[in-house]
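Colleague: Please see the structure below; I have some questions.
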Amino acid sequence: MSRTYAIRVDGHLDDHWSGWLGGSEMTHDADGTTVVLVTVADQAQLHGVLAGLRDIGAVLLELRTTPALLDAPDGRQ
Numbered sequence: 020m021s022r023t024y025a026i027r028v029d030g031h032l033d034d035h036w037s038g039w040l041g042g043s044e045m046t047h048d049a050d051g052t053t054v055v056l057v058t059v060a061d062q063a064q065l066h067g068v069l070a071g072l073r074d075i076g077a078v079l080l081e082l083r084t085t086p087a088l089l090d091a092p093d094g095r096q
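Quick note: the sequence shown uses my numbering, first residue 20, plus one each step.
Structural data, given as structure tokens:
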């Protein structure tokens with residue numbers, strides 16, 4: 020069963036990193052952070068995304084599970 024994670028990092032990541040991070044959705048927040056939403060099949064895939072963030076020098080601020088994107092109240096997919 021896949022899970023969706025919200026990963027908050029310091030700074031605004033360029034949008035081109037989305038594909039490199041497995042096609043994740045990124046939101047730039049006014050506080051100078053970026054939230055990366057990623058849906059992964061298992062822990063190994065999550066660790067791959069985290070390793071990718073490490074490789075680009077992103078500073079992790081928060082990692083939490085979220086409802087699946089298909090279940091989002093605003094209908095995002």
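No residue lacks a Cβ here, since even glycine has one placed at the ideal position from N, Cα and C.
Below 7 angstroms between beta carbons: does that hold for residue 53 and residue 31?
Modeller: As a position in the sequence shown, residue 53 is number 34, starting the count at 1. As a position in the sequence shown, residue 31 is number 12, starting the count at 1. Closer than 7 angstroms, so yes.
Colleague: Can you tell me where the beta strand (DSSP E) holding residue 63 begins and where it ends?
Modeller: For the purposes of this step, residue 63 is identified with residue 44 of the sequence shown, where counting begins at 1. Element bounds for residue 63: not the beta strand (DSSP E) but the alpha helix (DSSP H), 62 to 74.
Colleague: Contact check, residue 56 vs residue 84 under 8 angstroms by CB: the rounded distance?
Modeller: By 1-based counting over the sequence shown, the position of residue 56 is 37. By 1-based counting over the sequence shown, the position of residue 84 is 65. Contact doesn't hold; Cβ gap of about 11 angstroms is too wide.
Colleague: Leaving out the 5 sequence neighbours to the left and right, which residues in its chain are closer than 6 angstroms to residue 27 when beta-carbon positions are compared?
Modeller: As a first step, residue 27 must be located in the sequence shown, where it is residue number 8. Answer for residue 27: 52, 54, 80, 81, listed in chain order.
Colleague: Between the C-alpha atoms of residue 24 and residue 68, what's the straight-line distance to the nearest angstrom?
Modeller: The residue labelled residue 24 in the question sits at position 5 within the sequence shown. The residue labelled residue 68 in the question sits at position 49 within the sequence shown. If you take the alpha carbons of residue 24 and residue 68, they lie about 10 angstroms apart.
Colleague: Measure the C-alpha to C-alpha separation of residue 37 and residue 70 and round it to an integer number of angstroms.
Modeller: If you number the sequence shown from 1, residue 37 lands on position 18. If you number the sequence shown from 1, residue 70 lands on position 51. Going from the Cα of residue 37 to the Cα of residue 70 covers about 14 angstroms.
Colleague: Kindly identify the DSSP beta-bridge partner or partners of residue 29.
Modeller: Translated into the one-based positions of the sequence shown, residue 29 becomes position 10. According to DSSP, residue 29 bridges with 52.
Colleague: Taking the alpha carbon of residue 48 as the reference point, which residue from 74, 64, 29 has its own alpha carbon closest?
Modeller: On the sequence shown, residue 48 is found 29 positions in, with the first residue counted as 1. Residue 48 has its Cα closest to that of 29, out of 74, 64, 29.
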